[in-house]
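Notes follow the structure.
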Amino acid sequence: MRRRKTVVAGMALALSAAFLLVAPFLFKPYGIFILSTWAVMTIAAIGLNLTLGYAGQVSLAQAAFVGIGAYITALLTTKGWPFWPACALAGVACFVTGWALGYPALRLQHHYLAFVTLAFNTLVYLVFRNEEWLTGGIYGISNVPRPSLAGWSMNGAHAFYYFCLAALALVSLATWCLIRSPWGRAFVALRENPMRALSLGVDTRRYTLMAFALGAGLGGISGALYAPLVQFIDPTPFALGLSLNLLLMVVVGGSGYFFGPFLGAIVAVLLPEWLRFAQGYYLMGYAMLVIVLMVFCPTGLLGLADRLVTPAAKAVPAAAREVAA
Amino acid sequence: MLADILQLFVAGLATGGIYALAAIGFTLLWQTSQTINFAQGEFVMLPAFFVLIGMGFFGLPFWAAVLVGVAVSILTLGLMFKKLMVDPMLHHGVLPLVIATIGLAILMKETVREFYGADAWPFPPLAAATNVTVFGAAFAVQSLVVLGISIAAVAALQLFLNKTRTGRCMQATAQNPTVARLLGVPVERMILYTFLINAALVALASLLITPIYLAKFTNGELLGLYAFIAAIIGGFNQVRGAIVGGLLLGVLDNFTAVYISTQYRLVVPLLFLIVIILFRPQGLLGRVEERTV
Numbered sequence: 021m022r023r024r025k026t027v028v029a030g031m032a033l034a035l036s037a038a039f040l041l042v043a044p045f046l047f048k049p050y051g052i053f054i055l056s057t058w059a060v061m062t063i064a065a066i067g068l069n070l071t072l073g074y075a076g077q078v079s080l081a082q083a084a085f086v087g088i089g090a091y092i093t094a095l096l097t098t099k100g101w102p103f104w105p106a107c108a109l110a111g112v113a114c115f116v117t118g119w120a121l122g123y124p125a126l127r128l129q130h131h132y133l134a135f136v137t138l139a140f141n142t143l144v145y146l147v148f149r150n151e152e153w154l155t156g157g158i159y160g161i162s163n164v165p166r167p168s169l170a171g172w173s174m175n176g177a178h179a180f181y182y183f184c185l186a187a188l189a190l191v192s193l194a195t196w197c198l199i200r201s202p203w204g205r206a207f208v209a210l211r212e213n214p215m216r217a218l219s220l221g222v223d224t225r226r227y228t229l230m231a232f233a234l235g236a237g238l239g240g241i242s243g244a245l246y247a248p249l250v251q252f253i254d255p256t257p258f259a260l261g262l263s264l265n266l267l268l269m270v271v272v273g274g275s276g277y278f279f280g281p282f283l284g285a286i287v288a289v290l291l292p293e294w295l296r297f298a299q300g301y302y303l304m305g306y307a308m309l310v311i312v313l314m315v316f317c318p319t320g321l322l323g324l325a326d327r328l329v330t331p332a333a334k335a336v337p338a339a340a341r342e343v344a345a
Numbered sequence: 014m015l016a017d018i019l020q021l022f023v024a025g026l027a028t029g030g031i032y033a034l035a036a037i038g039f040t041l042l043w044q045t046s047q048t049i050n051f052a053q054g055e056f057v058m059l060p061a062f063f064v065l066i067g068m069g070f071f072g073l074p075f076w077a078a079v080l081v082g083v084a085v086s087i088l089t090l091g092l093m094f095k096k097l098m099v100d101p102m103l104h105h106g107v108l109p110l111v112i113a114t115i116g117l118a119i120l121m122k123e124t125v126r127e128f129y130g131a132d133a134w135p136f137p138p139l140a141a142a143t144n145v146t147v148f149g150a151a152f153a154v155q156s157l158v159v160l161g162i163s164i165a166a167v168a169a170l171q172l173f174l175n176k177t178r179t180g181r182c183m184q185a186t187a188q189n190p191t192v193a194r195l196l197g198v199p200v201e202r203m204i205l206y207t208f209l210i211n212a213a214l215v216a217l218a219s220l221l222i223t224p225i226y227l228a229k230f231t232n233g234e235l236l237g238l239y240a241f242i243a244a245i246i247g248g249f250n251q252v253r254g255a256i257v258g259g260l261l262l263g264v265l266d267n268f269t270a271v272y273i274s275t276q277y278r279l280v281v282p283l284l285f286l287i288v289i290i291l292f293r294p295q296g297l298l299g300r301v302e303e304r305t306v
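This is the structure we're talking about:
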């Protein structure tokens with residue numbers, strides 16, 4: 021049973037990777053832009069999946085971290101900084117902010133982090149909008165330069181797409197290693213049974229905080245890529261709506277599944293574009309789909325796939341989860 | 014000066030009363046079924062459009078349209094929301110339901126935009142737009158009416174919850190469903206009642222706030238946030254808390270807008286929220302929830 025699953029998963033993975041590599045030759049520039057957005061949003065969703073799927077904490081501030089990352093990168097690169105230190109700073113700044121925000125909030129029960137992060141996201145949005153001397157207010161920051169890699173300019177849509185894809189691959193690899201490490205095991209233990217984890221000697225608070233801060237850091241890196249992707253940033257994309265959307269990506273894809281965010285981001289980023297032929301109805305259709313999916317399959321798309329491939333999975337959900345982790 | 018402050022205070026209480034109505038519904042759903050309704054703001058936005066449809070499309074007079082609108086709200090936002098969305102998901106934990114209500118919020122917003130456009134529609138007020146002057150301060154009659162109706166609604170709800178058998182059964186369900194069931198309380202029906210009451214409360218809030226804000230598809234965004242903040246400030250598990258939270262928030266919001274900054278008016282409630290969560294997480298009037306192993 022387990023082997024069949026590995027084969028199916030492996031084939032799906034190989035096919036998707038092949039598709040992503042040839043995709044730029046199949047689409048118009050707008051399509052490539054959307055695919056790049058998908059890669060960038062997936063990074064943010066992977067971060068949130070660490071917080072939510074593995075450590076079991078609901079964060080509604082991921083958009084704020086994406087925003088902080090994007091603004092840091094945009095501000096520094098337009099002042100002549102190279103991309104790399106700006107990107108690193110964005111990641112570190114978000115990690116530290118996440119730590120500082122989570123430290124007091126995580127003393128409390130789980131749903132309070134959701135409330136604190138919700139407030140934090142709106143506060144950060146207001147700062148972006150109102151502190152014109154720094155962020156340009158509603159006029160935003162334009163002409164964000166794209167990075168170059170060892171003398172290669174990433175200006176073209178194709179080049180930047182592959183750049184985003186490479187970043188996504190790197191982040192995925194790092195997360196994969198993290199989840200397989202004792203740290204990752206501790207994260208899962210926290211989600212499954214925090215009391216038990218505590219009694220087994222896991223420092224629950226520190227690990228939860230770590231998962232949240234790491235998720236925030238990945239949000240920052242996603243933002244650092246987002247700024248040069250769109251080349252113009254204003255406060256609007258980083259409002260609470262994006263945080264809810266990222267949460268939706270993680271849960272719709274399958275929270276706690278490694279590939280959940282990838283699928284969820286397809287649903288949240290690509291699907292609305294494909295449904296665009298329906299004009300005004302597309303968001304309605306999209307919302308209906310999310311509701312129906314949650315009603316009939318609350319474990320998300322990968323949970324559904326899990327159930328289809330291994331019909332007995334219902335009896336051993338914990339084992340299935342471990343395979344996915 | 015004093016007159017200004019008094020004026021702002023009463024106007025703040027009036028909007029605060031509306032926030033309280035939405036916040037009470039929010040806490041009721043949480044208490045009885047652990048439903049965090051992220052569409053609560055849209056729940057307040059929609060009933061006004063039911064009334065507009067009744068008046069515009071079916072040509073009903075205002076008061077008939079209001080009755081129909083409230084009835085339709087209770088049917089859709091209460092009964093259908095409970096039966097079609099919450100029931101199938103109740104056993105899957107809080108999160109899928111949270112996501113589904115986020116989806117529902119998008120659906121409601123987009124549907125209204127599709128059929129009513131992005132314009133703000135005028136909505137008939139429940140009272141004439143005149144002022145009365147008391148001690149040199151001019152109060153809008155509308156504010157006073159809004160405040161009066163919210164207070165009456167909250168008082169009626171409190172009486173119902175504390176003095177009637179059904180109300181007490183609902184409280185028992187909120188406090189401990191298992192024990193309530195053992196004692197013969199029809200828990201399922203009590204949960205349904207809270208959903209119907211929530212629908213009635215948001216319909217009332219909608220009728221009160223829409224004449225001030227005009228009917229627009231985005232109305233729910235801010236209202237939802239305020240209901241949410243009011244519920245947490247007051248105490249997520251207390252009806253009384255939601256009232257205090259709502260009124261406090263309305264007053265605070267008005268004074269911030271006038272005396273501090275309109276741009277940052279949302280910051281004060283948000284900071285207040287964070288401070289409350291950090292230092293008194295159960296809310297001003299809430300009781301501590303026990304941890305289960």
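So the sequences go chain by chain: A and B. Read in order, the letters of the first sequence correspond to residues 21 to 345 in our numbering. Read in order, the letters of the second sequence correspond to residues 14 to 306 in our numbering. The C-beta atom is built at its ideal place from N, Cα and C for all residues, glycine as well.
**Request:** Examine the ligand COA and report whether any of its heavy atoms sits within less than 8 Å of the Cβ of Thr117(A).
**Result:** In the structure on display, the ligand COA does not appear, and there are no ligands present to speak of.
**Request:** Reducing DSSP to helix, strand and coil, say where Asn265(A) ends up.
**Result:** helix
**Message:** By the three-class DSSP mapping on this structure, what secondary structure does Ser275(A) have?
**Reply:** coil
**Asked** When the Cβ atoms of the segment 85–97 of chain A are set against those of the segment 240–252 of chain A, are three or more pairs found closer than 8 Å?
**Response** The answer is yes - the segment 240–252 of chain A touches the segment 85–97 of chain A, with three or more Cβ pairs under 8 Å.
**Item:** Phe10(A) versus Asp326(A): straight-line alpha-carbon distance, rounded
**Value:** The first residue shown for chain A is 21 and the last is 345, placing residue 10(A) beyond what the model contains.
**Item:** Val211(B) and Gly38(B) closer than 9 Å at C-beta
**Value:** Checking the sequence shown, residue 211(B) turns out to be Asn, not Val. Here Asn211(B) is near Gly38(B), since their CB atoms are less than 9 Å apart.
**Asked** According to the Cβ coordinates, are Val78(A) and Leu328(A) closer than 9 Å?
**Response** Cβ distance not < 9 Å, so Val78(A) and Leu328(A) don't count as in contact.
**Limits of the unbroken alpha helix (DSSP H) element including Thr40(B)** = 15–46
**Message:** Would Gly82(B) and Val64(B) be called neighbours here (beta carbons separated by less than 9 Å)?
**Reply:** yes
**Prompt:** Are at least three pairs of beta-carbons, each pair with one atom in the segment 17–30 of chain B and one in the segment 264–276 of chain B, less than 8 Å apart?
**Reply:** yes
**Prompt:** What separation, rounded to the nearest whole angstrom, lies between the Cα atoms of Leu126(A) and Ala131(B)?
**Reply:** 40 Å
**Partner residues on chain C for Met102(B), Cβ-Cβ distance less than 9 Å** = The structure shown has no chain C; the protein chains it does contain are A and B.
**Message:** Whole angstroms are fine: how far does the CA of Ile241(A) sit from the CA of Leu234(A)?
**Reply:** 11 Å
**Request:** Apply the 10 Å Cβ neighbour rule to Pro135(B) and answer buried if 16 or more other Cβ atoms are within range, or exposed otherwise.
**Result:** exposed
**Request:** Starting from Gln276(B), find everything on chain A with Cβ-Cβ shorter than 7 Å and list it in chain order.
**Result:** Asn150
**Asked** By DSSP, does Phe51(B) sit in helix, in strand, or in coil?
**Response** coil
**Message:** Short of 8 Å in beta carbon distance, which residues of its chain neighbour Tyr302(A), apart from the five on each side in sequence? Order them along the chain.
**Reply:** Pro292, Leu295, Arg296
**Asked** Based on Cα-Cα distance, which residue from Pro138(B), Thr48(B), Gly69(B), Ala165(B) lies nearest to Ser4(B)?
**Response** An answer regarding residue 4(B) cannot be provided, because it is not within the stretch 14 to 306 covered by chain B.
**Request:** Please check the pair Ala33(B) and Ala255(B), which I expect to be a contact at CB under 8 Å, by giving their CB distance rounded to whole angstroms.
**Result:** 6 Å
**Request:** Indicate whether at least one CB of chain B lies closer than 9 Å to the CB of Ala125(A).
**Result:** Yes, its Cβ sits closer than 9 Å to a Cβ of chain B.
**Terminal residues of the alpha helix (DSSP H) in which Phe148(B) lies** = Unbroken run through Phe148(B): none, as it is neither H nor E.
**Asked** Name the DSSP beta bridge partners of Ala206(A), please?
**Response** Bridge partners of Ala206(A): none, in fact.
**Request:** Consult DSSP for Ser173(A) and reduce its assignment to one of helix, strand or coil.
**Result:** Under the three-state reduction of DSSP, Ser173(A) is assigned to strand.
**Prompt:** Tell me which same chain residues have a C-beta within less than 8 Å of the C-beta of Ser173(A), skipping the five on either side of it?
**Reply:** Arg166, Ala179
**Request:** Anything in chain B within Cβ reach of Ala139(A), meaning under 7 Å, just list it in chain order.
**Result:** Leu283, Leu286, Ile287
**Prompt:** With a CB to CB cut of under 7 Å and the five nearest residues on each side skipped, what residues in its chain are close to Pro294(B)?
**Reply:** Answer for Pro294(B): no residue qualifies.
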